[in-house]
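Under the numbering used here, residues 636 to 775 are what the sequence shown spells out, in order. Working notes, beginning with the structure itself.
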Amino acid sequence: RSLVNSRIVVSQSTGGYRTLGEAIAKAPAGALISVRPGHYTENLVLRKMVTIAGVPGVTSKHMFGRLVFLVDGNLAVGVTGADLMVRVGREAAAAALDRPGARPSDMGGRPMTGWVVVDGSVLEDDHELDGWISLALGDS
636 RSLVNSRIVV SQSTGGYRTL GEAIAKAPAG ALISVRPGHY TENLVLRKMV TIAGVPGVTS
696 KHMFGRLVFL VDGNLAVGVT GADLMVRVGR EAAAAALDRP GARPSDMGGR PMTGWVVVDG
756 SVLEDDHELD GWISLALGDS
């Protein structure tokens, strides 16, 4: 778990708390809780002052007809129907393609080097989704 200088990271992966409620419960009053990209559906009761903020540098917007997430202005992942387009980098592309549900990414029939598309059925497993997002964010 990550609790350093009253900064708590919430990500649905192994690097932080898995829920906002868990992070809030463990946080001291006045803590900054950084929330990684993801879908959080919780009913919360705040009994102390905390600050909840998105991870710095992560933004979302619509590009190429889909929702994409950028890190410091660089495209990291994009939602393509039920699938996820993931920037893995040139060096990690071969290993990423060996993972279940991964296939080469292309844009208009042109291969996209350093990118893979992950089948949405694989992403139903939260651990798998978190792993792909961590890879795209350079956390793996």
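Don't be surprised by glycine CBs; every beta carbon is placed ideally from N, CA and C.
| Query | Result |
| --- | --- |
| Report the residue from E657, P739, A731 and V670 whose alpha carbon sits nearest the alpha carbon of G766. | A731 |
| What do you reckon, are the CB atoms on L772 and L764 nearer than 8 Å? | no |
| Taking 7 Å as the limit between beta carbons, can you name the residues of its chain near P735, skipping five residues before and five after? | V757 |
| Can you list the alpha helix (DSSP H) stretches of 4 or more residues lying completely in the stretch 668-741, in chain order? | 728-732 |
| With distances taken Cα to Cα, identify the nearest neighbour of M742 among V706, I768 and G713. | G713 |
| Taking its Cβ as the centre, do 16 or more other Cβ atoms sit within 10 Å of R722, making it buried, or is it exposed? | buried |
| Relative to the C-alpha of A717, which candidate in R725, G755, N709 and F699 has its C-alpha closest? | G755 |
| Is the beta carbon of G749 less than 8 Å from the beta carbon of A728? | yes |
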